[in-house]
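Working notes for the structure below.
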Amino acid sequence: MRRKIVAGNWKMNLSFQEAEELINDLIDVLEEESPEAEVIICPPFPFMELATDYMEEGLFKVGAQNISPFDAGAYTGEVSASMLKSMDLTHCIIGHSERRKYFNEDDKMLTAKVNQAMAHKLIPIFCVGESLPEREAGKHLEVVRRQVRHGLFHLDTDEFAKVVIAYEPVWAIGTGMTATPEQAKDMHAYIRTLITERYGNEVAQATMILYGGSCNSENATEIFAQEGVDGGLIGGASLKVDEFISICKQASV
Ligand code: PGA
Numbered sequence: 340m341r342r343k344i345v346a347g348n349w350k351m352n353l354s355f356q357e358a359e360e361l362i363n364d365l366i367d368v369l370e371e372e373s374p375e376a377e378v379i380i381c382p383p384f385p386f387m388e389l390a391t392d393y394m395e396e397g398l399f400k401v402g403a404q405n406i407s408p409f410d411a412g413a414y415t416g417e418v419s420a421s422m423l424k425s426m427d428l429t430h431c432i433i434g435h436s437e438r439r440k441y442f443n444e445d446d447k448m449l450t451a452k453v454n455q456a457m458a459h460k461l462i463p464i465f466c467v468g469e470s471l472p473e474r475e476a477g478k479h480l481e482v483v484r485r486q487v488r489h490g491l492f493h494l495d496t497d498e499f500a501k502v503v504i505a506y507e508p509v510w511a512i513g514t515g516m517t518a519t520p521e522q523a524k525d526m527h528a529y530i531r532t533l534i535t536e537r538y539g540n541e542v543a544q545a546t547m548i549l550y551g552g553s554c555n556s557e558n559a560t561e562i563f564a565q566e567g568v569d570g571g572l573i574g575g576a577s578l579k580v581d582e583f584i585s586i587c588k589q590a591s592v
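Note that the working numbering has the sequence shown beginning at 340, numbered continuously upward.
Structural data, given as structure tokens:
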């Protein structure tokens, strides 16, 4: 049995003071009742240290929402994998559909980001997922296959074994429209088949595949109960302590 992961993607939300409050509240609750699931929080860069300051307590791990495809140097505004590693971050989200859409991140750039994460020993939480027109056209498997292959399948087996994948149907993100448990289960099984073909069954069975897209305290139990769903990448609901903790607990059973 893989231990589930619940990762909170705060996106571009909260003020410094609100972030501090959220982290303090999270710590208070997690100290009282630590869920079995591995908890990861991904705050915006300027608030990172608020979270890393408490990492030693082992209540949660800290991830970034993005990294630069470049190593170091004259890249104004960028944040490198090595900088994040030097702050003891463990994970970074790569390939989120919002980055693909609003920042034109294509397969080539995402490959470079994955390579940066690998080079600096950050675990990528690599996001894949189809848009609504793609699903309606019956192209969802094809789209996800391309994203997984282009983004990750250049890695050797040891590297790939470190990756976490998040299946996030674009039409479910921030819309309140969750994938049905069957849709999640089917896509997770499909992704695992692709991994089996490339890296073998043992690696495929060990790979963590999270679901993301309007996951909340009302639907988490059902989604997490699906075979092959190893936890969630949580956006909106990760900004409310009660919601987030409830989701973490539902991933523990
Ligand atoms: P959501 O976002 O939970 O707000 O739908 C999920 C995500 O984008 O990671």
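For each residue, glycine too, the CB sits at the ideal point set by N, CA and C.
Since we're looking at a predicted model, the values are computed, not measured.
query, result
"Examine the ligand ADP and report whether any of its heavy atoms sits within less than 7 Å of the Cβ of cysteine 554.", "Ligands displayed in this structure: the ligand PGA; the ligand ADP is not among them."
"According to DSSP, which residues form a beta bridge with methionine 547?", "Val503"
"For the ligand PGA, is there a heavy atom less than 7 Å away from the beta-carbon of glycine 490?", "no"
"Would you call the stretch 500 to 512 in contact with the stretch 526 to 538, where contact means no fewer than 3 C-beta pairs closer than 8 Å?", "yes"
"Would valine 483 and valine 467 qualify as a contact pair, given that the criterion is a beta-carbon distance under 8 Å?", "yes"
"For threonine 519, is the classification buried or exposed, using 16 other Cβ atoms within 10 angstroms of its Cβ as the cut-off for buried?", "exposed"
"Just verifying my parser: in three-state terms, what is the DSSP assignment at leucine 572?", "strand"
"Here's the rule I'm using: 16 or more other beta-carbon atoms within 10 Å means buried, otherwise exposed. How should proline 463 be labelled?", "buried"
"Of all the options Leu361, Ile380 and Ala358, which has the alpha carbon lying nearest to the alpha carbon of isoleucine 573?", "Ile380"
"In terms of residue numbering, what span does the beta strand (DSSP E) encompassing glutamate 395 cover?", "Glutamate 395 -> no beta strand (DSSP E), and no H or E assigned at all."
"Can you tell me whether glutamine 544 is buried or exposed, with buried defined as 16 or more other CB within 10 angstroms of its CB?", "exposed"
"State the CB to CB distance for the pair glycine 567 and isoleucine 548, rounded to an integer number of angstroms; the pair is presumed to be in contact (CB under 8 Å).", "6 Å"
"Closer than 6 Å by C-beta to serine 421: which residues in its own chain qualify, once you throw out the five before and the five after it? Chain order, please.", "His459"
"Taking just the CA atoms, how far does phenylalanine 492 sit from lysine 440?", "22 Å"
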